[in-house]
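Residue numbers (our numbering): 15 to 151.
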């Protein structure tokens, strides 16, 4: 099973994990969260994240999900990437997380793809009365 580690600013990761547990109706044992606070040492957090990756790695790989490129959580995440073993996706949202967890029994590359499509398809412009947004020129 692919492990999933959320590395995010403050309580965002814990909140998303709680929401995913609610949606799924279960507590995924392959999910961990690491919060990064302003006052914390990035090097220390990197070592903490490395230990979490090692714990989650059961031989099928680990998917790291982070909030936004350019922030300390994403910078820590980037340092952990090992092609084919530890992959990462930035821009985490609830649909991305739920999709990654639902497909975590699949190979790592499939989980990465499902997380990305889940995240993208989860962004939807909602108009009044449920009408679809139409492209304008």
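Ideal Cβ placement from N, Cα and C applies to all residues, glycine included.
| Check | Outcome |
| --- | --- |
| Quick one: using the 10 Å Cβ neighbour count with 16 as the cut-off for buried, is residue 40 buried or exposed? | exposed |
| Hey, residue 78 and residue 130: beta-carbon distance below 9 angstroms or not? | no |
| Within 10 angstroms of the Cβ of residue 81, are there 16 or more other Cβ atoms? Answer buried if so, exposed if not. | buried |
| Only counting the same chain, and skipping five residues up and downstream in sequence, which positions put a Cβ closer than 7 angstroms to that of residue 33? | 108 |
| Return helix, strand or coil for residue 97, following the three-state DSSP convention. | coil |
| For residue 126 versus residue 104, is the C-beta distance shorter than 9 angstroms? | no |
| Between residue 115 and residue 142, what straight-line distance do the alpha-carbon atoms span, to the nearest angstrom? | 31 angstroms |
| Quick check: what's the CA-CA separation for residue 15 versus residue 122? | 9 angstroms |
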